[in-house]
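What follows is a short report on a single structure.
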Amino acid sequence: MNSMQTTTVVSDRLARNVQRNIRERAIETILFGAALVSVLTTVGIVWVLVSESLNFFDHVPFGDFLTDTMWTPLFSEPHYGILPLLMGTITTSLVALVVAIPLGTVIAAYLSEFASARVREIVKPFLELLGGIPTIVYGYFALTVVTPLLQAIYPDLPGFSMLSAGLVMGIAIVPYISSLTEDAMRAVPMSLREGAYGMGSTRFQTAIRVVIPAALSGVLSAYILGISRAVGETMIVAVAAGMQPNFTMDPTEPAQTISAYIVQVALGDLPHGSIGYQSIFAAGLSLMLMTLLFNILGHVIRRRYREAY
Amino acid sequence: MSTTEQNLPVKAFTRDFNFYYGSFHALKSINLPVIEKHVTALIGPSGCGKSTLLRSFNRMHDLYPGNRYQGEIVLNPDNTNILDARVDPIEVRMRVGMVFQKPNPFPKSIYENVAYGLRVRGEKSRSTLDDKIEDALRGASLWNEVKDRLNQPATALSGGQQQRLCIARCLATDPELLLFDEPTSALDPIATANIEELVTQLRDRVTILIVTHNMQQAARVSHYTAYMYLGEVVEYGITDEVFLRPKKKETEDYITGRFG
Chain A
23 MNSMQTTTVV SDRLARNVQR NIRERAIETI LFGAALVSVL TTVGIVWVLV SESLNFFDHV
83 PFGDFLTDTM WTPLFSEPHY GILPLLMGTI TTSLVALVVA IPLGTVIAAY LSEFASARVR
143 EIVKPFLELL GGIPTIVYGY FALTVVTPLL QAIYPDLPGF SMLSAGLVMG IAIVPYISSL
203 TEDAMRAVPM SLREGAYGMG STRFQTAIRV VIPAALSGVL SAYILGISRA VGETMIVAVA
263 AGMQPNFTMD PTEPAQTISA YIVQVALGDL PHGSIGYQSI FAAGLSLMLM TLLFNILGHV
323 IRRRYREAY
Chain B
20 MSTTEQNLPV KAFTRDFNFY YGSFHALKSI NLPVIEKHVT ALIGPSGCGK STLLRSFNRM
80 HDLYPGNRYQ GEIVLNPDNT NILDARVDPI EVRMRVGMVF QKPNPFPKSI YENVAYGLRV
140 RGEKSRSTLD DKIEDALRGA SLWNEVKDRL NQPATALSGG QQQRLCIARC LATDPELLLF
200 DEPTSALDPI ATANIEELVT QLRDRVTILI VTHNMQQAAR VSHYTAYMYL GEVVEYGITD
260 EVFLRPKKKE TEDYITGRFG
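Listed in order, the protein sequences are those of chains A and B. Just add 22 to the spot in the first sequence (first one is 1) and you have the numbering used here. Just add 19 to the spot in the second sequence (first one is 1) and you have the numbering used here.
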């Protein structure tokens with residue numbers, strides 16, 4: 023009799039366990055599904071890019087794609103050399119980074135090491151606002167404000183130029199770099215700063231000699247993210263850098279980037295399935311490989327320079 | 020006070036020193052001498068203000084908003100009140116070194132850690148740096164352990180070695196006064212013994228003010244001891260006197276373990 027009672031109680035508890043397990047499993051499945059969406063999307067995009075690119079490379083030799091110095095898919099005698107687009111992308115990105123990395127780092131160092139809490143509370147929302155401005159607005163800002171200003175200094179500057187687009191793109195990237203760099207710097211433990219100040223350092227010495235080296239992995243990650251954004255950035259360069267593929271790395275010239283070319287063709291009236299249309303997938307694949315490269319680089323750097331406290 | 024040898028030179032002293040964290044009155048009219056080339060220990064229960072007092076000697080509280088000093092902390096031989104608004108806290112910290120509770124080596128090589136203070140002071144000559152770094156590392160009894168790996172990251176050292184590196188980092192700049200804020204509380208017994216040994220060696224070379232939770236440690240390393248409670252110095256005197264014949268009932272209760 024006694025043992026019967028015990029059995030009932032145990033089975034009751036088991037029944038509750040079963041219920042709980044089912045609920046746990048359901049929640050786990052939902053969470054897994056959510057994670058799966060991002061994985062499947064990535065896989066889908068890569069699959070489309072690779073398969074369409076393979077169609078493209080059926081018609082265009084891979085060697086020509088890498089070495090031809092002309093990109094004229096829409097001409098009657100088309101050339102499919104990615105180099106001009108690649109150079110446009112690299113040039114605009116370099117101009118942008120020359121602006122964004124120093125400016126972003128200085129802003130981050132100021133906010134993290136120098137600014138009072140009050141100043142920080144005022145400046146940070148402005149930076150976030152800067153990061154929230156749609157890039158098309160930046161594009162028109164480059165075209166209608168920055169280019170005329172630059173032309174006042176260099177009268178020979180054409181109406182579309184990589185310089186103008188790159189400079190404005192740099193400004194657009196500053197918030198990303200400064201906010202991630204600042205996070206990395208603020209994560210440096212106070213004990214290290216006290217050590218530096220205790221040795222008689224000024225704020226500047228503390229920031230440059232101790233805090234930034236301690237935050238190096240985070241700072242470099244911020245730079246890498248900035249590079250990825252610059253490489254992939256589309257609207258600013260599409261609007262302000264011109265739409266002509268140009269085999270040059272002279273920033274005062276107009277040129278087209280990979281991303282701007284994709285916009286041009288995707289919005290144009292090329293028939294689906296034509297080689298010209300397929301070329302955007304090859305271009306997209308190149309772009310993705312570039313950003314992938316930088317992401318891997320970022321990962322390696324993060325691991326290499328991570329400081330343990 | 021009467022038991023201290025009054026003829027000994029005073030390296031630093033506080034005069035009616037008060038300290039406030041915002042509106043919290045953390046230190047109340049502290050009058051404390053720090054005798055030159057001797058070790059002075061600050062003991063007392065948690066929250067009594069001993070670290071707060073120590074950190075006032077190199078104006079570490081300036082780093083945080085809302086802190087306020089009142090009164091004087093005078094540094095000799097020049098009789099400078101380091102709390103004076105005209106005194107640059109960086110100048111103060113150039114003269115007063117500090118070793119922290121948790122070892123905090125910079126994310127640099129062993130060599131660069133010790134070179135840090137010299138570089139901040141503008142020293143560029145490689146041979147001067149080499150000499151001073153070797154001296155400092157020897158002074159901190161670390162030279163033999165690290166002389167073959169000066170270019171390795173300091174963070175690869177053990178906790179005890181890191182703390183001795185932090186001491187070497189201070190020694191390299193020849194501080195007049197060296198502050199220790201519970202320097203062994205994060206270390207194992209052997210590393211603790213090493214640091215205590217080191218403090219004993221250093222006391223002929225530099226004036227030391229040390230905060231410790233460990234009363235035996237205070238008894239072992241210090242010449243003078245101040246017992247603090249609730250932001251006040253309850254008793255100050257020669258260490259042996261304070262420990263063996265405390266004048267105040269509170270001190271005796273704390274030392275005998277009845278309280279704290």
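We put the CB at the ideal spot given by N, CA and C, even for glycine.
- Message: Spatial neighbours of residue 69 of chain B within its chain, please: C-beta separation below 6 angstroms, excluding the five flanking residues on both sides.
- Response: 61, 63, 230 and 247
- Report the three-state DSSP secondary structure of residue 283 of chain B (helix, strand or coil). No statement about residue 283 of chain B is possible, as the shown extent of chain B runs from 20 to 279 and does not include it.
- Item | residue 112 of chain B and residue 77 of chain B closer than 8 angstroms at C-beta | yes
- Cβ of residue 141 of chain A less than 8 angstroms from any chain B Cβ? no
- Message: So that I know if they touch, is there some Cβ in chain B lying closer than 8 angstroms to that of residue 23 of chain A?
- Response: Below a pLDDT of 50, predicted positions are generally treated as unreliable, and residue 23 of chain A, at 46, falls in that range; the measurement from the model is reported next regardless. No, because no Cβ of chain B sits closer than 8 angstroms to the Cβ of residue 23 of chain A.
- Message: Any beta carbon of chain E sitting closer than 8 angstroms to that of residue 86 of chain B?
- Response: Here chain E cannot be found, since the structure's protein chains are A and B.
- Message: Between residue 12 of chain B and chain A, is any beta-carbon pair separated by less than 8 angstroms?
- Response: This structure cannot speak to residue 12 of chain B, because chain B is shown only from 20 to 279.
- Query: Leaving out the 5 sequence neighbours to the left and right, which residues in its chain are closer than 6 angstroms to residue 196 of chain A when beta-carbon positions are compared?
  - Reply: 122, 125 and 126
- Any idea if residue 84 of chain B is buried or exposed, counting beta-carbon neighbours within 10 angstroms, 16 or more meaning buried? exposed
- Task: Taking C-beta pairs closer than 9 angstroms, name the residues in chain A that residue 79 of chain B reaches, listed in chain order.
- Result: 216, 219 and 220
- Can you tell me whether DSSP reads residue 52 of chain B as helix, strand or coil? strand
- Taking C-beta pairs closer than 7 angstroms, name the residues in chain B that residue 270 of chain A reaches, listed in chain order. Result: empty, since nearest Cβ-Cβ is about 42 angstroms, beyond 7 angstroms.
- Item | Range of the contiguous alpha helix (DSSP H) that encloses residue 105 of chain B | Where residue 105 of chain B is concerned, there is no enclosing alpha helix (DSSP H), given that its DSSP letter is neither H nor E.
- Would you call the segment 150-167 of chain A and the segment 128-138 of chain A touching, i.e. three or more CB-CB distances under 8 angstroms? no
- Which one or two residues does DSSP pair with residue 93 of chain A in a beta bridge? The partner list for residue 93 of chain A (beta bridge, DSSP) reads A:102.
- Message: Mapping the DSSP letters down to three states, classify residue 64 of chain B as helix, strand or coil.
- Response: coil
- residue 73 of chain B and residue 200 of chain B look like a contact to me (Cβ under 8 angstroms); what is the Cβ gap, rounded to whole Å? 6 angstroms
- Task: Please report how far the alpha carbon of residue 142 of chain A lies from the alpha carbon of residue 129 of chain A, in whole angstroms.
- Result: Between residue 142 of chain A and residue 129 of chain A, the C-alpha separation is close to 10 angstroms.
- CB of residue 262 of chain A within 8 angstroms of CB of residue 111 of chain A, strictly: The criterion of a C-beta distance shorter than 8 angstroms is not satisfied by residue 262 of chain A and residue 111 of chain A.
- Query: If you count every other CB in all the chains shown that lies within 10 Å of the CB of residue 30 of chain B, and 16 or more means buried, which is it?
  - Reply: buried
- Would residue 183 of chain A be called buried (16 or more neighbouring beta carbons within 10 Å of its own) or exposed? buried
- Task: Could you pull the start and end residues of the alpha helix (DSSP H) that residue 169 of chain A belongs to?
- Result: 169-175 is the span of the alpha helix (DSSP H), which, as asked, contains residue 169 of chain A.
- Task: Could you tell me whether the Cβ atoms of residue 252 of chain B and residue 49 of chain B are closer together than 8 angstroms?
- Result: Against a cut-off of 8 angstroms, the Cβ pair of residue 49 of chain B and residue 252 of chain B comes out as a contact.
- Does the ligand HEM have even one heavy atom less than 7 angstroms from the beta-carbon of residue 62 of chain A? Inclusion of the ligand HEM in the displayed structure is not the case, the ligand content being empty and no account of it being possible.
- Item | From B:160, B:106, B:120 and B:124, residue whose alpha carbon lies closest to that of residue 175 of chain B | B:124
- Message: Closer than 8 angstroms is the cut-off here; do at least three beta carbon pairs connect the segment 148-162 of chain B with the segment 173-191 of chain B?
- Response: Contact between the segment 148-162 of chain B and the segment 173-191 of chain B is established, with three or more Cβ pairs separated by less than 8 angstroms.
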